[in-house]
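Trainee:
In the UniProt record's numbering, the protein residues as written are 1 to 121.
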């Protein structure tokens with residue numbers, strides 16, 4: 001399996017864990033110092049993201065990725081693309097379309113998501 005295939009598989013596991021609310025898998029996918037920059041500019045840590053999801057404040061219903069591109073630089077992989085998501089926050093359905101960048105890093109035998117940032121389209 002190529003590095004790009006490994007990364008795409010990891011991305012599929014990440015999205016599936018969000019949709020299926022598999023918090024243990026999700027926690028393992030995030031690097032300890034993971035950061036998320038939302039499209040509104042807010043910054044969240046791994047613990048803040050997991051608390052938000054586990055509390056049901058944000059529930060993903062669908063996630064579709066298009067225009068996916070992968071770059072490998074040493075032990076870091078950068079995934080870019082366009083995502084369409086349907087989610088609920090506080091009972092309100094949100095439909096989003098955004099450009100994303102996800103940065104993965106090697107951590108022993110695993111790939112961990114180190115950083116995720118989105119910009120609304």
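Glycine is no exception: its CB is placed at the ideal position from the N, C-alpha and C atoms. A quick note: this is a predicted structure, and the numbers were derived from the prediction, not measured.
In chain order, which continuous runs of the beta strand (DSSP E) of length 3 or greater are located wholly inside the UniProt domain "DUF4440" (11-110)?
Mentor: Counting only runs of 3 or more, we get 30-37, 43-45, 58-73, 76-89 and 92-107.
Trainee: Give a yes or no on whether the C-beta atoms belonging to residue 7 and residue 111 are separated by under 8 angstroms.
Mentor: In contact: residue 7 and residue 111 (Cβ atoms closer than 8 angstroms).
Trainee: Which residues in the same chain have their Cβ closer than 6 angstroms to the Cβ of residue 84, if we skip the five residues on either side of it in sequence?
Mentor: If we look at residue 84 and ignore the five residues flanking it on each side, its Cβ neighbours are 64 and 97.
Trainee: Using only alpha-carbon positions, find the residue among 82, 74 and 91 that is nearest to residue 119.
Mentor: If we check each option's Cα against that of residue 119, 82 comes out closest.
Trainee: DSSP beta-bridge partners for residue 113?
Mentor: For residue 113, which the question treats as bridged, DSSP gives the partners 30 and 104.
Trainee: Taking the beta carbon of residue 70 as the centre, do at least 16 other beta carbons fall within 10 Å, making it buried, or is it exposed?
Mentor: Burial call: buried.
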